[in-house]
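Note that the protein sequences, when read in sequence, are chains H and X.
Numbered by our numbering, the letters in the first sequence go through residues 1 to 409 in order.
Numbered by our numbering, the letters in the second sequence go through residues 1001 to 1233 in order.
Glycine residues also receive a C-beta, built at the ideal position from the N, C-alpha and C atoms.
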Amino acid sequence: MFDRDIWQEIFHSIKNNKLRTFLTGFSVGWGIFILVLLLASVNGMQNGFTRQFSDDATNSIFIRAGVTSVAYGGFEAGRRIQLRNSDIEYIKRSFPKDIEYISPRIYSGVSARYKSETGSYNVQAVYPDHQMIEKTLVSKGRYINENDLRNASKVAVIGRKVAEDLFKKEDPVGKFVEFNGLPFRVIGVFTDDGDDNAERGVYAPSSTFQLMYGQNDEINQIALTYNPNYDLTEALEFSERLESVFKRKFKVAPQDQGGIRVFNYAEVFENISNFTGGLDFAVIIVGLLILLAGIVGIGNIMVFIIKERTKEIGVRKALGAEPWQIIKLVLFESVFITALSGFIGLAIATGLLSLIGPNIQTDAFANPSVGMSIVVTATVILVVAGVLAGLIPAMKAAKVRPIVALSDK
Amino acid sequence: MIEIKDLHKSYKMGSNSLHVLKGINFSVEEGELVAIMGSSGSGKSTLLNILGMLDNSDSGEYILDGVPIKNLNETKAAQYRNKFLGFVFQSFNLINYKSALENVALPLYYQKVGRKERLEKSLKYLDQVGLKEWAEHLPSELSGGQKQRVAIARAMAAEPKVLLADEPTGALDSKTSYEVMDLIQKINDQGNTILIVTHEPDIADMCKRIVHLKDGVIIEDKKIKQVRAEQYV
């Protein structure tokens, strides 16, 4: 089947019609080129989204309390819900298998002073676990530990920008900084490559702030990460469970987002993957339509070639060529042109991507690339396309009556 | 070798039917060199097409080398043509992008003869028509007479039972025509059966038998004394 003669004939035919072969091949190559680039763009978009959110642990859930918006369980609307330390203990007790890390967040603003430098910063008072939830990178010193928390130590982990503002060239670790007039020892400096603003923040133990500023056990928010082995459905199921438990506990209407709000990053990821999945689908459809135009082009050319070669095919049949042998000739040529030009398109597209892809790193678009599966799929599509493009012309060729070779009109 | 009994053929032209062959009875023995003559419209080409299995008859019998030729599908017809028949056309019909040698090898390719053996055999036949040195040339580099000799070599390469030639000298000047006829006569001398369709009396005279067609019937079928082409070359 793959003998030398078939290939010789194909090469002859291609060599004799270079421009025509090029023009036809171009349309298929172009189609594949566009298809690959489109798919890579969707991929790049996906990468961009993922990168933006991967700054925080992607398996995090936040529980916020606010003011109820609906009357429920005998209470009027407008009731303020307050989260407390006990709620954290309650979650730890109730969901031991689901929880990975958990921490409260208490927000407050402080005015800080070191020597003659002053500034206003936001403080998040947290548990040691918070480092894992927020994926905080400590570049100098250390993060808050259990001892700090137990002793309500006046220690702080400051952001890189804070350190620059207050300490200039000095090493802040071990120095004392005044927050609202009270001395805090700086135990570490953190960086955040996602966000400069985050580096203008300060972390402190939650117990310290609760003791200093009100002697209470109130917290603003609960941040936690769930079991990282959970898939999307399990994660969503868990946050729903959490939400319903909390709403029952605080007697908040199930649909009331004001009283208790449980925010799960998985929802965002679900939305993103739904979105990019839809985009992928649209892109494949568009790409295939472009490719279809190329296929029709090849089919068109093949019909033309057959018409031109009618006499030759007639002679071949008179010399004893069977219909299948004629079909083979046309089909192979069509598959060859399609596959070759498609591969060129594929190679140029992937080459282009590997060249410029890694250099593209914007917020919503990063490293557009194609996977092996796309390459394999494209190859299969190409061969099928070649067969489709050649089939009708080949059948037509097989039907050529050898009698036309004899008539010299 | 060839036996034809009461062969009829008509073509449909719209609502009319054109009766082209009106009962042909005709047989050819092995080793004969037959000229089929007749003016255009006499049915000589239709007869050749049916003999060449390029067209089907409406009724009648056609037996080729003891094999009844009837109700053939495309594949079977192709195999029979390849095995039994060699064709020579008026306009040579060489494949223009293949060398002389490759053209001669084509029927052998369809007989699924291996490449090496195919080329050896083809070269032998090219040598027989005196074109061994031209083996690697393309048809466009050959003269008309040379092209027809390549075509004859091609027709002979498959070692067919019968050689069918449709106006083999129709596109050649008289000197070249005689050269080609000389070659055909020599192939006939080796015992090959050859049928030639022609309207040129001098070409017909170089055969051993002349069959005259007119309006779809044979009006004359006579053996003649062959004029050798050699003397004109």
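For H/L137, the closest alpha carbon among the candidates H/A347, H/T191, H/V262 and H/L346 is that of H/T191.
Residue environment for X/K1116: exposed (fewer than 16 other C-beta atoms within 10 angstroms of its C-beta). DSSP places H/K161 inside the alpha helix (DSSP H), whose first and last residues are R160 to F167. DSSP places X/E1220 inside the beta strand (DSSP E), whose first and last residues are V1217 to K1223. Under DSSP, H/T225 forms a beta bridge with H/S60 and H/Y101. Membership of H/R261 in the beta strand (DSSP E) is indicated by the continuous run I260 to N264.
For the options X/L1018, X/M1037 and X/H1019, the alpha carbon positioned closest to that of X/E1167 is the one of X/M1037. For H/P393, not one C-beta of chain X is nearer than 8 Å to its own C-beta. By the C-beta density criterion, H/I106 is buried, having at least 16 other C-beta atoms within 10 angstroms. Assignment of beta-bridge partners to H/T191 by DSSP yields H/L137.
Among the residues of the segment 1041-1061 of chain X, those with a Cβ less than 9 Å away from any Cβ of chain H are S1045, L1048, N1049, G1052, M1053, L1054 and D1055, in the order of the chain. Contact of H/V315 with chain X by beta-carbon distance below 9 Å involves F1087, F1089, N1093, L1094, I1095 and L1106. The three-state secondary structure of H/I360, taken from DSSP, is coil. Under DSSP, X/H1019 shares a beta bridge with X/S1010. The beta-carbon of X/R1228 is placed no less than 8 Å from the nearest beta-carbon of chain H. When secondary structure is reduced to three states using DSSP, X/L1094 falls in the coil class, being assigned neither helix nor strand. Using a CB distance cut-off of 8 Å, H/D280 does not count as an interface residue toward chain X. Per DSSP, the continuous beta strand (DSSP E) segment holding X/K1214 begins and ends at R1209 to K1214. Looking at the backbone, the Cα of X/E1179 and that of X/V1233 are separated by about 6 Å. The criterion of a C-beta distance shorter than 8 Å is not satisfied by H/I102 and H/K115. Shortest Cα-Cα distance from H/S41 to any of H/T377, H/V387, H/V283 and H/Y265 involves H/V283. Proximity to H/V245 across H/A71, H/E322 and H/Y90 peaks at H/Y90, based on C-alpha coordinates. Following the DSSP letters along the chain, one finds X/M1206 in no alpha helix (DSSP H), marked with neither H nor E. Annotation: X/V1067 to X/V1211 spans about 23 Å, alpha carbon to alpha carbon. For H/R4, the closest of H/F332, H/V375 and H/P393 by C-alpha to C-alpha distance is H/F332.
Pairwise C-beta distances place the segment 1191-1208 of chain X in contact with the segment 1153-1173 of chain X, as three or more of them are shorter than 8 Å. Chain order gives the chain H residues near X/E1074 as K317, E322, P323, A398 and K399, where near means a beta carbon separation below 9 Å. X/M1181 counts as buried, since at least 16 other C-beta atoms from the protein chains shown sit within 10 angstroms of its C-beta. Rounded to the nearest whole angstrom, the CA to CA distance from H/L319 to H/P368 is 55 Å. Taking CB atoms only, H/K328 has no neighbour in chain X less than 8 Å away. X/N1188 does not reach chain H, its nearest Cβ partner there being about 21 Å away, counting only Cβ pairs nearer than 9 Å. Within the model, the alpha-carbon separation for H/V400 versus H/E322 is close to 11 Å. Within chain X, the residues whose beta carbon sits less than 7 Å from that of H/N16 are Y1097, listed in sequence order. Taking CB atoms only, H/I403 has a neighbour in chain X less than 8 Å away.
In this chain, the beta strand (DSSP E) harbouring X/M1037 covers L1033 to M1037. Cβ-Cβ distances below 6 Å link X/L1033 to N1188, I1194, C1207 and K1208 in the same chain, with the five nearest sequence neighbours on each side left out; the list follows chain order.
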